[in-house]
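Chains A and B are the protein sequences, given in the same order. Residue numbering for the first sequence is 7 to 121, as defined by the numbering used here. Residue numbering for the second sequence is 68 to 183, as defined by the numbering used here.
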Amino acid sequence: SQTIHQWPATLVQPVGSPLSLECTVEGTSNPNLYWYRQAAGRGLQLLFYSVGIGQISSEVPQNLSASRPQDRQFILSSKKLLLSDSGFYLCAWTTTQAGVGTEAFFGQGTRLTVV
Amino acid sequence: SQQGEEDPQALSIQEGENATMNCSYKTSINNLQWYRQNSGRGLVHLILIRSNEREKHSGRLRVTLDTSKKSSSLLITASRAADTASYFCATVPKFISSGSARQLTFGSGTQLTVLP
């Protein structure tokens, strides 16, 4: 069965420090991968998505970047965190199989607090 | 940008009552999905309804879709305290450009509280 791992669960980082959040998927190949951010009490904002290794699409200009070094690994990074980067970050995947439903499977999220 | 907008933003009911949440969207869709999120956790997929479907059932869940009004509703029957969570609708666009992923666009959610 497919599983998605996202870590760490919580993170407190000082302003100006770097960030690296990692997400890995098991049990499927060539998934579409996504990074979302969720502000408190709000919906999900799509930050990045990837349809393949090395292919990253950015939805919102920001202080963050994403990389996909392996088929089932998706990394969210920042060189210097801002206070406004605080939030709940969620990784997700969808299948690329034609004719299959496009439901998304989410990791458990990372609560990032920039202080 | 937000595609789906849920209504109401918050809903509080007694255990055993039915809970109805609504979602409106703006563009043509391939399908619409409902997700549940417990506090501080990831989202869990509940049900998917395609643009050519009008109603779908899954256990105590009933989803309707009206593409002419660009709206959907989620009905949870005989609610339980364990149904307390945030519920989000998400839309998948009908048309995507080559090489792009079918992106899910989420609404801002309805916070459901079921009182025991």
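Just so it is clear, CB atoms sit at the ideal spot from N, CA and C, and this is done for glycine as well. In this text, all values refer to a predicted model and were calculated from it rather than measured experimentally.
Asked	Found
Exposed unless 16 or more other CB atoms sit within 10 angstroms - verdict on Q76/B	exposed
Residues near S153/B in its chain [Cβ-Cβ closer than 6 Å; skip 5 each side]	Q104, G176 and Q178
8 Å Cβ cutoff, E28/A in contact with chain B	no
Buried/exposed call for V159/B, threshold 16 Cβ in 10 Å	buried
6 Å CB neighbourhood of A110/A in its chain, flanking five on each side removed	A98 and T100
Own chain, CB closer than 6 Å to L110/B, minus 5 neighbours either side, in chain order	Y102 and Q104
Beta bridge counterpart(s) of V111/B as assigned by DSSP	R103/B
Check whether A15/A and T116/A have beta carbons under 8 Å apart	yes
Separation of A148/B from E32/A, as counted between CA atoms	33 Å
Interface partners of L128/B on chain A, CB under 9 Å	The premise fails here: L128/B is roughly 14 Å from chain A at the closest Cβ pair, so nothing lies under 9 Å.
Min CB distance A72/A to chain B below 8 Å	no
Enclosing beta strand (DSSP E) for Q170/B [first to last residue]	No beta strand (DSSP E) contains Q170/B, which DSSP labels as neither H nor E.
Chain B within 8 Å of G93/A, Cβ atoms only	no
Simplified DSSP state of D133/B, which is helix, strand or coil	strand
Closer than 7 Å at the beta carbon, the chain A residues around S175/B	R48 and G49
Sub-8 Å separation of T30/A and R78/A beta-carbons	yes
8 Å contact criterion, which L96/A and Q19/A should meet: CB distance rounded	Going by Cβ atoms, the distance from L96/A to Q19/A rounds to 18 Å, so no, they are not a contact pair.
Opposing strand residues paired with G93/A [DSSP bridges]	L118/A
Nearest candidate by alpha-carbon position, reference N89/B, set S79/B, E73/B, L99/B and Q81/B	E73/B
Check: Q68/A C-beta below 7 Å from any heavy atom of the ligand GTP	The ligand GTP is absent from the structure shown, which contains no ligand whatsoever.
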